[in-house]
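Residue numbers (UniProt numbering): 1 to 160. The structure appears right after this line, and notes come after that.
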Amino acid sequence: MADTVITPEVESNAGTMELKENTVIVVLGASGDLAKKKTFPALFGLHKNNFLPKNVKIVGYARSKMDHAEFIKRVKSNIKTPTKEVEDQLEEFCSFCTYIQGDKYEEDKYYEGLEKHLSELEKKDNQKETNRIFYMALPPSVFIIVSQMLKKHCYPKNGI
């Protein structure tokens, strides 16, 4: 595998990169405190300030058993809505959030289920290129196995 070389051009553009259309943001550990208290409020802030593409999708993935309504309740739990406008923006934000349950970090079948869910979401937009961002709101002790499983099962065929 070739080493990645960061050229001055890449470094100078790093601060101006944008999320592309047809992007899915996957929050692993979506039922935990980090996701609830920091990750989802930060993603909502990006949405509220129009820094997310219009057709972005956010997928929560965790071991916790919960339905969509419980997941949305957790997403909303630490986001303040001082005005009707912000409340409406939060509802819009939640409309493109979904949840899928996994279980063991090291078992293929759960990542295969995640890949199936992601592919179904992406097919709805009917675009050739798909872009995925994986955010690990997980204990550092599982980063390596989760990264390996994501690479094995969930990297997009076209896109980043």
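Beta carbons: idealized from backbone N, C-alpha and C, even for Gly.
Starting from the C-beta of residue i, find all residues in its chain whose C-beta is less than 7 Å away, skip the five residues before and the five after it, and write them out in chain order.
i           : result
residue 190 : One cannot answer for residue 190 here, as it falls past the ends of the chain, which runs 1 to 160.
F96         : V56, K57, I58
Apart from the five residues on each side of it in sequence, which residues of its chain come closer than 6 Å, Cβ to Cβ, to residue i?
i    : result
T98  : V59
F71  : G60, Y99
L46  : L52
F40  : V75
D103 : R63, Y110
What separation, rounded to the nearest whole angstrom, lies between the Cα atoms of residue i and residue j?
i    : j    : result
K20  : E107 : 30 Å
A2   : N50  : Only weak support is given to the placement of A2: the predicted model assigns it a pLDDT of 47, under 50, and the value that follows is read from those uncertain coordinates. So the two alpha carbons sit approximately 36 Å from each other.
G159 : K80  : 34 Å
P82  : K152 : 43 Å
K54  : Y61  : 22 Å
E120 : P140 : 29 Å
Taking DSSP as the reference, what is the three-state secondary structure of residue i?
i    : result
I145 : helix
L19  : coil
R63  : coil
L46  : helix
F40  : helix
V56  : coil
Q127 : coil
Could you tell me how far apart the beta carbons of residue i and residue j are, in whole angstroms, since I believe they sit closer than 8 Å?
i    : j   : result
E122 : V24 : 7 Å
Q89  : K37 : That pair is no contact at about 19 Å.
Is residue j closer than 9 Å to residue i when the C-beta atoms are compared?
i    : j    : result
K76  : Q101 : no
C154 : L118 : yes
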